[in-house]
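Asks: Okay, here's the structure, questions in a sec.
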Amino acid sequence: MSDTQRIARHEDGFNRVELNPIFSRPGEATTLPKFLFPEEESLQETAHQIVHDEMMLDGNARLNLATFVGTWMDDHASRLYLEAADKNMIDKDEYPQTAAIETRCWRMLADLWHAPDPTETIGTSTIGSSEACMLGGLALKRRWQHARRSAGESTEKPNIVLSSAVQVCWEKFCNYFEVEPRYVPISDEHKVLDGHGLEKYVDENTIGVVAILGVTYTGMYEPVAAIAAALDRIQEATGIDVPIHVDGASGAMIAPFLQPDLEWDFRIERVASINTSGHKYGLVYPGLGWVVWRDITALPDDLIFRVNYLGGNMPTFALNFSRPGAQVLLQYYLFLRLGRTGFHAVQQSTQDVALYLSSEIAKIPAFELWNDGSDIPVFAWRLRDGYTQNWNLYHLSERLRMKGWLVPAYPMPADLVDITVQRIVVRNGFSHDLAFSFLADLRDAVAYLDALEGPLPAEGQHSGFHH
Numbered sequence: 004m005s006d007t008q009r010i011a012r013h014e015d016g017f018n019r020v021e022l023n024p025i026f027s028r029p030g031e032a033t034t035l036p037k038f039l040f041p042e043e044e045s046l047q048e049t050a051h052q053i054v055h056d057e058m059m060l061d062g063n064a065r066l067n068l069a070t071f072v073g074t075w076m077d078d079h080a081s082r083l084y085l086e087a088a089d090k091n092m093i094d095k096d097e098y099p100q101t102a103a104i105e106t107r108c109w110r111m112l113a114d115l116w117h118a119p120d121p122t123e124t125i126g127t128s129t130i131g132s133s134e135a136c137m138l139g140g141l142a143l144k145r146r147w148q149h150a151r152r153s154a155g156e157s158t159e160k161p162n163i164v165l166s167s168a169v170q171v172c173w174e175k176f177c178n179y180f181e182v183e184p185r186y187v188p189i190s191d192e193h194k195v196l197d198g199h200g201l202e203k204y205v206d207e208n209t210i211g212v213v214a215i216l217g218v219t220y221t222g223m224y225e226p227v228a229a230i231a232a233a234l235d236r237i238q239e240a241t242g243i244d245v246p247i248h249v250d251g252a253s254g255a256m257i258a259p260f261l262q263p264d265l266e267w268d269f270r271i272e273r274v275a276s277i278n279t280s281g282h283k284y285g286l287v288y289p290g291l292g293w294v295v296w297r298d299i300t301a302l303p304d305d306l307i308f309r310v311n312y313l314g315g316n317m318p319t320f321a322l323n324f325s326r327p328g329a330q331v332l333l334q335y336y337l338f339l340r341l342g343r344t345g346f347h348a349v350q351q352s353t354q355d356v357a358l359y360l361s362s363e364i365a366k367i368p369a370f371e372l373w374n375d376g377s378d379i380p381v382f383a384w385r386l387r388d389g390y391t392q393n394w395n396l397y398h399l400s401e402r403l404r405m406k407g408w409l410v411p412a413y414p415m416p417a418d419l420v421d422i423t424v425q426r427i428v429v430r431n432g433f434s435h436d437l438a439f440s441f442l443a444d445l446r447d448a449v450a451y452l453d454a455l456e457g458p459l460p461a462e463g464q465h466s467g468f469h470h
């Protein structure tokens, strides 16, 4: 091969997948286009090998301390997943038992979250907690519109009140469904939305207040009872009655088992709806969320579509249509497999690891904890003021990545953007042994950075934040 041919071959490498000669078979192409349909077929083994090799470039899920999303299930769950891979959740006529199991699941959640009468609630599965948040927000908006029309008032300019540390899906909700977001900034004194100063943000156009049970930035709970008490005072003073949606993407599957006496759910009368992620601390593979309303009246009937699909007439309230049913079955499997005792044991184990890690990190002179993981098993820390001018948490994140650990560094939200933190999410499967290994690598990374004789460049650094 000439030099010109070699150069052309390397330049073309960006657009093509080249097979290792050991995997090529007579009659097959040895290169395939990356962004175009190949002209010819490939053998199953060849296509599998190509995709398998591409997947190897992804990170190791066990070492990803950034994500909340579950990355492990047992062998029985994996078998069930394959057996149910073809089930379409929207097709309740073809898969009536899967539909029945979906109903069982959200009723079990309604009971877990202390709905006044779980048989009179309504809920649904979703693709994830983001879709569940959208549906909860839509129900709040529609209820507000109905109330305003009944009173002969304008339905223009709805707003929703939430923390500046809210998950990005709520920003999308406000943008997509034309609701003004009113962000209550967090501060050193008020690290979460806690009801302080709420009267400055609530008015007759407020469709609801979002309370986060497990802020994604830090893992801290927002005190739903305190927020409800503030709204009670506002109603007494103004007559304005504002409901609460609890975004329990993470905490709604932690608090019932680890903090059962904490009042955050339907025990509080203002809570109209709650969402959670089945694929976070619900312990299911990615692609599942849940939303449950306090009772049937909390979800306006005109949001529910009754459609004839594949021979069956069925009600549906979703942003997605066809979607997998397998994760719903996996959730039911886990409810049966673990029960309350098993969920408590699993969640307690993750929290024990989180509290151990945070206590050890607090002993490192470079760091100051923001919180310790005693709410959900998530905690954050910042670099102690004046500790060093030679490195920052972005440099530490890069150093840890060299050992395979993904530990994001990112600025806090509005009014605290000058504070950078790092966060660890402890999930099922992150054992004490892995925690020991991580701490050893963390201490080594800090020692290396502390030994620098001059500052590292800070240009081009960017947030490694993952929701």
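Residue numbering for the sequence shown is 4 to 470, as defined by our numbering. Cβ coordinates follow ideal geometry from the N, Cα and C atoms, glycine included.
1. Between the alpha carbons of Ala454 and His435, how many angstroms are there, rounded?
2. Mind checking Ser166: buried by the 16 CB within 10 Å criterion, or exposed?
3. Measure the Cβ-Cβ separation of Ala118 and Thr127 and say whether it is below 7 Å.
4. Mind checking Met92: buried by the 16 CB within 10 Å criterion, or exposed?
5. What does the alpha-carbon distance come out to for the pair Glu134 and Leu306?
6. Distance check for Leu459 and His398, CA to CA, integer angstroms please.
7. Pick out whichever of Gly251, Glu57 and Pro416 has its Cα sitting closest to the Cα of Leu216.
8. Give every residue of the same chain whose Cβ lies closer than 7 Å to the Cβ of Ser361, excluding the five residues on either side of it in the sequence, and list them in chain order.
9. Is it buried or exposed for Phe38, if we count other Cβ within 10 angstroms and need 16 for buried?
10. What span of residues does the beta strand (DSSP E) with Ile257 cover, start to end?
11. For Trp296, name the three-state secondary structure that DSSP assigns.
12. On the DSSP bridge assignment, give the partners of Asp120 in chain order.
13. From which residue to which residue does the beta strand (DSSP E) around Ile210 run?
14. What does the alpha-carbon distance come out to for the pair Asp235 and Asp244?
15. Between Tyr333 and Val287, is the Cβ-Cβ spacing less than 7 Å?
16. Candidates Ser440, Val420, Asn431 and Trp408: which alpha carbon is nearest Ala69's?
17. Measuring alpha carbon to alpha carbon, tell me which of Gln47, Ile53, Thr74 and Leu22 ends up nearest Lys283.
18. Is the stretch 201-215 close to the stretch 94-101, with three or more CB pairs under 8 Å?
19. Considering only residues of the same chain and omitting the five flanking positions on each side of Ser438, which have a CB-CB separation below 7 Å?
20. Go ahead and label Gln330 buried or exposed: buried means 16 or more other beta carbons lie within 10 angstroms of its beta carbon, across all protein chains shown.
21. Nearest to Gly292 by CA position, among Val429, Gly328 and Asp61, is which residue?
22. DSSP three-state label for Tyr186, please.
23. With 16 as the cutoff for other CB atoms within 10 Å, does Gly242 come out buried or exposed?
24. Within a Cβ cutoff of 8 Å, which residues of the same chain sit near Thr33, ignoring the five residues on either side of it in sequence?
25. Which same chain residues, not among the five before or five after Leu442, have their C-beta less than 8 Å away from its C-beta?
26. With burial defined as no fewer than 16 other Cβ atoms inside 10 Å of the residue's Cβ, what is the status of Ile10: buried or exposed?
27. Less than 6 Å between C-beta atoms, sequence neighbours within five positions excluded: which residues of the same chain meet that for Gly432?
28. To test your reading of the DSSP string, which unbroken beta strand (DSSP E) runs of 3 or more residues are found completely within the stretch 354-438?
29. Given Glu239, which residues of its chain have a CB within under 6 Å of its CB, disregarding the five upstream and five downstream residues?
30. Spatial neighbours of Asp172 within its chain, please: CB distance less than 6 Å, with the 5 preceding and 5 following residues excluded, ordered by chain position.
31. Identify which residue in Glu456, Arg402 and Pro416 has its Cα closest to the Cα of Arg446.
32. If you follow the alpha helix (DSSP H) that Ala461 is part of, which residue opens it and which one closes it?
33. Indicate whether Ala229 and Gly198 have their beta-carbon atoms separated by less than 7 Å.
34. Which value, in whole angstroms, describes the spacing of the CA atoms of Arg273 and Asp114?
35. So the beta strand (DSSP E) Arg19 belongs to, where does it begin and stop?
36. May I ask which residues mark the beginning and end of the alpha helix (DSSP H) holding Arg93?
Replies: Result, derived from the coordinates:
1. Cα to Cα, Ala454 sits roughly 29 Å from His435.
2. The residue is buried, with at least 16 neighbouring Cβ atoms inside 10 Å.
3. Result no, Cβ atoms of Ala118 and Thr127 do not sit closer than 7 Å.
4. Taking all protein chains in view, the Cβ of Met92 is crowded by 16 or more other Cβ atoms within 10 Å, so the residue is classified as buried.
5. Straight-line Cα distance between these residues: approximately 15 Å.
6. The alpha-carbon atoms of His398 and Leu459 are separated by roughly 8 Å.
7. Here the closest residue by C-alpha is Gly251.
8. These residues qualify, in order along the chain: Leu372, Asp375, Gly376 and Phe382.
9. Under this definition Phe38 is an exposed residue.
10. Neither: Ile257 is in no beta strand (DSSP E) and is coded neither H nor E.
11. Correct three-state label for Trp296: strand.
12. For Asp120, which the question treats as bridged, DSSP gives no partner whatsoever.
13. First-last of the beta strand (DSSP E) with Ile210: Thr209 to Ile215.
14. Spanning the two alpha carbons is a distance of roughly 8 Å.
15. Reading the sequence as shown, one finds Leu at residue 333 and not Tyr. Taking the C-beta atoms as reference points, Val287 is found nearer than 7 Å to Leu333.
16. Selected option, being the one with the closest Cα: Trp408.
17. For the options Gln47, Ile53, Thr74 and Leu22, the alpha carbon positioned closest to that of Lys283 is the one of Thr74.
18. Because the criterion of three Cβ pairs below 8 Å is not met, the stretch 201-215 and the stretch 94-101 do not touch.
19. The sequence given here places Ala at residue 438; Ser does not occur at that position. Closer than 7 Å at Cβ, skipping near neighbours: Val356, Tyr359 and Leu360.
20. Result: buried.
21. Nearest neighbour of Gly292 by Cα position, chosen from Val429, Gly328 and Asp61, turns out to be Gly328.
22. Reduced to three states, the DSSP call for Tyr186 is strand.
23. Gly242 is classed as exposed because its beta carbon has fewer than 16 other beta carbons within 10 Å across all chains shown.
24. Only Glu21, Leu22, Pro24 and Ser27 meet the Cβ criterion.
25. Result list for Leu442: Leu360, Glu363 and Ile364, in chain order.
26. Low per-residue confidence applies at Ile10: pLDDT is 49, beneath 50, and the placement is therefore not dependable enough to give any value.
27. Answer for Gly432: Trp75, listed in chain order.
28. 370-372, 381-386, 412-414 and 423-428, all fully within the stretch 354-438.
29. Answer for Glu239: no residue qualifies.
30. Looking at the sequence itself, residue 172 is Cys, so the reference to Asp does not match. Counting only residues of its own chain and dropping the five nearest sequence neighbours on each side, Cys172 has a CB closer than 6 Å to the CB of Ser133 and Cys136.
31. Of the listed residues, the one whose Cα sits closest to Arg446 is Arg402.
32. That residue, Ala461, is in no alpha helix (DSSP H); it is neither H nor E in DSSP.
33. Yes.
34. Rounded to whole angstroms, Arg273 to Asp114 spans 17 Å at the Cα level.
35. Run containing Arg19: Arg19 to Glu21, per the beta strand (DSSP E) assignment.
36. Here residue 93 turns out to be Ile, not Arg, going by the sequence shown. First-last for Ile93: undefined, no H or E at that position.
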